[in-house]
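J.: Sharing a structure here in structure tokens format.
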């Protein structure tokens, strides 16, 4: 997601582009390993530039970013949320139970599912779905033996 687009999105929706919001955005756009970030990790990434920024400010801004569709919220294990830049492409994740590393799966195993049939039978309007596979990455498996 391009920074110019995000700035315009903020403005169109009546939000100011504060330096803190720009730093939060940079935490995601500069996250080249594509590892979803916790609020605490976002906080750690920007605390050098803004030592007085509190974790509450991070959470409030993450909600704004979520509401604008800039980031996605992922709920993995232990009820801890992680966030990733909205790439616009549908994907799922592999999550290591030991080190927590995540890896994207670029295809959807539910592609052939009859979504309309489920909606009709259950009288339920489906808007999105998520799918994560939990296990052990190669490095953690090697350390287990």
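In our numbering, the protein residues as written are 380 to 524.
Beta carbons are placed, not taken as given, at the ideal position from N, Cα and C, and that holds for glycine.
Remember, it's a predicted structure, so these values are computed and weren't measured experimentally.
Can you tell me where the alpha helix (DSSP H) with residue 495 in it begins and where it stops?
T.: Its alpha helix (DSSP H) spans residues 494-501.
J.: Suppose contacts are defined by Cβ-Cβ distances below 8 Å. Is residue 471 in contact with residue 517 by that definition?
T.: No; because the gap between Cβ atoms is not below 8 Å, this pair is not in contact.
J.: So what does DSSP say about residue 506, is it helix, strand or coil?
T.: Coil.
J.: Tell me the rounded alpha-carbon separation between residue 397 and residue 410.
T.: Taking the straight line from one Cα to the other gives about 20 Å.
J.: Residue 519 and residue 477 look like a contact to me (Cβ under 8 Å); what is the Cβ gap, rounded to whole Å?
T.: Contact holds; Cβ gap of about 4 Å.
J.: DSSP has residue 462 in a bridge; who is on the other side?
T.: DSSP, once it has assigned bridges, lists 416 and 452 as partnering residue 462.
J.: Check the DSSP bridge columns for residue 512 and list the partner residues they point to.
T.: Residue 512 pairs with 473.
J.: Can you tell me where the alpha helix (DSSP H) holding residue 437 begins and where it ends?
T.: Where residue 437 is concerned, the enclosing alpha helix (DSSP H) stretches over 434-446.
J.: May I ask you to list the residues that DSSP assigns as paired with residue 482?
T.: 473, per the DSSP bridge assignment.
J.: Measuring straight from C-alpha to C-alpha, what distance separates residue 504 and residue 496?
T.: Roughly 11 Å separates the two Cα atoms.
J.: Assign residue 407 to buried or exposed, taking buried as 16 or more other Cβ atoms, counted over all protein chains shown, within 10 Å of its Cβ.
T.: Buried, because 16 or more other Cβ atoms sit within 10 Å of the Cβ of residue 407.
J.: Within the same chain, show all residues whose beta-carbon is closer than 7 Å to that of residue 524, passing over the 5 residues directly before and after it, in chain order.
T.: Residue confidence for residue 524 is low, a pLDDT of 48 falling below 50, so the modelled location carries little weight; the figure read from the coordinates is stated next. If we look at residue 524 and ignore the five residues flanking it on each side, it has no Cβ neighbours.
J.: My assumption, with CB atoms under 8 Å, is that residue 571 sits in contact with residue 480. Please give the rounded CB distance.
T.: Only positions 380 to 524 of the chain appear in the structure, and residue 571 is not among them; the question remains open.
J.: Under 8 Å, do residue 432 and residue 399 count as touching if we go by C-beta distance?
T.: Yes, Cβ-Cβ distance for residue 432 and residue 399 is below 8 Å.
J.: Taking 8 Å as the limit between beta carbons, can you name the residues of its chain near residue 418, skipping five residues before and five after?
T.: Closer than 8 Å at Cβ, skipping near neighbours: 434, 437, 438, 441, 460 and 462.
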